[in-house]
Every structure is written in C-alpha cells, then in structure tokens.
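In my numbering, the protein residues as written are 582 to 976. Ideal placement from N, C-alpha and C gives every residue a C-beta, glycine not left out. Okay, so here's the structure we're looking at.
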C-alpha cells in the first residue's frame, strides 16, 4: 500500500476537547511511530488469523504505520490527507483477500487502541495525566471510526466478490447449458464453481414463459438442495438436488417443467433442453410437470405433419357419431386411460361399470383402436394430444 500524506487535507473534527498536553503527546508518538508499529506487530502476530504468513510481514508493518498515523492525526486534530483517509477502506479490502476472518481483523484493528493508549501513557508526564484521561474519548472515537470503516469495506468487498463469483457461475453454467456436455474441462469448471460433484445427480428445472420469478423465489425460499438458478434463453433454469421421488415438495406447486434426473453435470444440457420442451407445452396451472406426465404432449409436438395423420387415423371414426356421444366417449376413454381401471373410471364418472365397458366397446367399434390394449392405448393417448394440446393423461 503506497499512501502519500501530502495530498489535499481536511481538518479532523471531534466532540471531545483537545488539550495542548494531548496534542504534544500525539506529536511525540508521531515522531516515534516505529515503536508503536513494533508493539502492534508483536501483539497481532499471535492472532490465529495472522499466523502462517497469511499477511506478509512487510504489509502488516506498512498498514500499521499508516493506520497509526491516521489515528494520531485524528486524535491530535491534525490535517488528514484524502489518501490517508482511505487507509481504513484499503485495509478492510486487503485483509479479505489475505484470507483473514472478519472477527480476527476487527480484533486486530481494536488492538490499535491498546497499543496507542499504552504509548500515550508511557509518554505522559505525571502532571498531564488528567489531561490524557480526559482525552481518552478522542482516542477511542478515532479507533472506532477506523474500525467501522474497516468493517464496512470488508463487507462491501465480500459483496463485490460474491457478485463476481455469481457472474462467473452464470457464465460457466450458461456455456454448459448451450453445449452438448461433452467437454470434460467445462464440466470440471462448472463443478468447481457450483461446489458440487461432477457426477452427482441433479434435478434440472425450467420455468414456464411467465413464471421465471415464481421459480426463482421458490428456490430462494427453499434454500436446501438448490445448487444454482439463473436465466437462460428467456427462462429461469434451476439446478437442485433431487427429492424423494425426483421432485421436491416445495417445487410441486410452482409452474415449471422438470426433466428426468441428470446423472452428472455432463447430462445437464440434454436435461435442460428436455425441460424447456416440456415447458413450452405446459400451462401455468399445471404446477411442476414432469416428462412422465408430459410425454404425450412432447411426442405429439415432435410428430410434425404426421400428427394430423395420426389424429385422423385414430380418432377419425368418431366423426360419424353425434356430438354428444362423441364427447361422452372421449371423456370416458381419457378417464380410463388416466385411471387404468374400469371400476375407478366408473367411480370418477358416477356411472355403472357396464356403462364404461359399453362406451369403451363403442369407441373401439368406431375407431378400430381398443384403449384396453397397451399398444392401441399408446396410439390413442398421443392422438388425443395431436388434436387438443394441453395436459396429458397422467401416466
């Protein structure tokens, strides 16, 4: 740290009175500031946060010298240069980068008072002892102001570094999401940035178009298990630890798309693209939608022009039935495909099981597809999504 005390100066203001005796003691200490530095370094070097060469000895002495000059000038009402006034701010930032814990730093800064007070006491003539005692407030105020500025600058720098790390994480995760996951160096960088095991399972979640904020807020409230959340391609993307069944309870009400668990960071890009595809086909009132729930929608969307042909092939025969019958048959078939049981379907529709069987038989008669046969049922499920986009029957 190179600080010149010759820049523009401003007078120091203090509430406690400054006596001629205290001013003389201050000047005596300024003339012998090296002895104060020696005493300070001897004390602080024993602090845990300053051991092991964490703070270079020459840096510790230099910052101590400027700190004592700053304090003595404030106590003595002497001019303080603008550069010297920045000692406190630079010290807080510097010690953060040195790796000194905040508690240790503040203890070291408050040691300034002990060393400074002992130096003043050692130099005061007995006749001026009362004057020095009355000036203790000036000494304490100077040290406390110094401490507050050091503390504030340390925390400000913590925030700056946190924002820089967040920007770096977002950049790396963005690069990973835009890749095929095949670059082991990038995967390793992302693992380091997120502080996760590169092979650990991750839940990849993408918000719906208008629910980015809802997903981000839910992730912030949950706290537990959230590795990262950021905006990517116009949506919020969340990386988190999987829940018991893949989807954590706090996530289920949030309008979002959930991909199958990605087993390792290299699988995250594919999972994110899958989730984005699900999100594009989901509605805000669906809550968290998984691929298991959305696969008919995804399959229908991917069929392209084949979708219309499949719909016509499977459902075209219903056109010969009256509208009321057609809607009743579709309702029954969709309920059956969801429930998987004639009895449960009858309960849901408040009708007799024979009525359900008759409607399923009638659907088969008109379409040629039997929803009670797995192969035909799969065709019906996808065909229903080709003609009416929206939630698919739960698998």
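Residues bridged to residue i [DSSP beta-bridge criterion]
| i | result |
| --- | --- |
| residue 837 | 788, 869 |
| residue 678 | Residue 678 pairs with nothing; no bridge assigned. |
| residue 751 | Partner(s): none; residue 751 has no beta bridge. |
| residue 827 | 824 |
| residue 810 | 819 |
| residue 844 | 782 |
Among the options, nearest to residue i - alpha-carbon criterion
| i | options | result |
| --- | --- | --- |
| residue 639 | 618, 685, 869 | 618 |
| residue 836 | 851, 920, 800 | 800 |
| residue 691 | 648, 901, 946 | 648 |
| residue 792 | 676, 819, 683, 927 | 819 |
| residue 902 | 763, 724, 948 | 948 |
| residue 609 | 650, 628, 823, 598 | 650 |
| residue 746 | 870, 770, 762, 765 | 770 |
| residue 892 | 871, 967, 870, 720 | 967 |
| residue 763 | 653, 907, 850, 670 | 850 |
| residue 871 | 853, 852, 839, 882 | 839 |
| residue 853 | 929, 698, 815 | 815 |
| residue 887 | 964, 950, 953 | 964 |
| residue 716 | 667, 686, 831, 655 | 655 |
| residue 725 | 685, 794, 652 | 652 |
| residue 718 | 933, 708, 657, 677 | 657 |
| residue 611 | 701, 677, 676 | 701 |
| residue 909 | 936, 666, 894 | 936 |
Rounded straight-line distance, which links the Cα of residue j to that of residue i
| i | j | result |
| --- | --- | --- |
| residue 696 | residue 744 | 37 angstroms |
| residue 582 | residue 673 | Below a pLDDT of 50, predicted positions are generally treated as unreliable, and residue 582, at 48, falls in that range; the measurement from the model is reported next regardless. One C-alpha to the other measures close to 12 angstroms. |
| residue 729 | residue 634 | 26 angstroms |
| residue 615 | residue 646 | 7 angstroms |
| residue 877 | residue 960 | 10 angstroms |
| residue 732 | residue 624 | 20 angstroms |
| residue 621 | residue 774 | 38 angstroms |
| residue 864 | residue 789 | 8 angstroms |
| residue 889 | residue 821 | 38 angstroms |
| residue 706 | residue 660 | 26 angstroms |
| residue 906 | residue 940 | 9 angstroms |
| residue 928 | residue 772 | 51 angstroms |
| residue 755 | residue 628 | 42 angstroms |
| residue 663 | residue 671 | 13 angstroms |
| residue 880 | residue 860 | 14 angstroms |
| residue 588 | residue 669 | Residue placement at residue 588 is flagged as unreliable, the pLDDT there being 38, under the threshold of 50; the coordinate-derived value follows with that caveat. When rounded, the distance between both Cα atoms is 17 angstroms. |
| residue 942 | residue 900 | 16 angstroms |
| residue 873 | residue 827 | 11 angstroms |
| residue 778 | residue 847 | 11 angstroms |
| residue 761 | residue 856 | 15 angstroms |
| residue 805 | residue 866 | 25 angstroms |
| residue 794 | residue 787 | 12 angstroms |
| residue 957 | residue 950 | 5 angstroms |
| residue 741 | residue 727 | 21 angstroms |
| residue 688 | residue 626 | 12 angstroms |
| residue 666 | residue 601 | 24 angstroms |
| residue 642 | residue 613 | 14 angstroms |
| residue 675 | residue 737 | 12 angstroms |
Whether residue i touches residue j by CB criterion (8 angstroms)
| i | j | result |
| --- | --- | --- |
| residue 834 | residue 868 | yes |
| residue 987 | residue 920 | Because the chain spans 582 through 976 in this model, residue 987 falls outside it and cannot be assessed. |
| residue 679 | residue 636 | yes |
| residue 606 | residue 704 | yes |
| residue 923 | residue 938 | yes |
| residue 817 | residue 797 | yes |
| residue 918 | residue 955 | no |
| residue 930 | residue 945 | no |
| residue 603 | residue 710 | no |
| residue 683 | residue 631 | no |
| residue 720 | residue 698 | yes |
| residue 882 | residue 911 | no |
| residue 686 | residue 739 | no |
| residue 767 | residue 758 | no |
Heavy atom of the ligand COA within 7 angstroms of residue i beta-carbon
| i | result |
| --- | --- |
| residue 932 | Ligands in the displayed structure: none, and consequently the ligand COA is not present. |
**Prompt:** Between the segment 806 to 815 and the segment 751 to 767, do three or more beta carbon pairs fall short of 8 angstroms?
**Reply:** yes
**Request:** Could you say if the segment 833 to 850 and the segment 780 to 787 meet the contact criterion of at least three C-beta pairs nearer than 8 angstroms?
**Result:** yes
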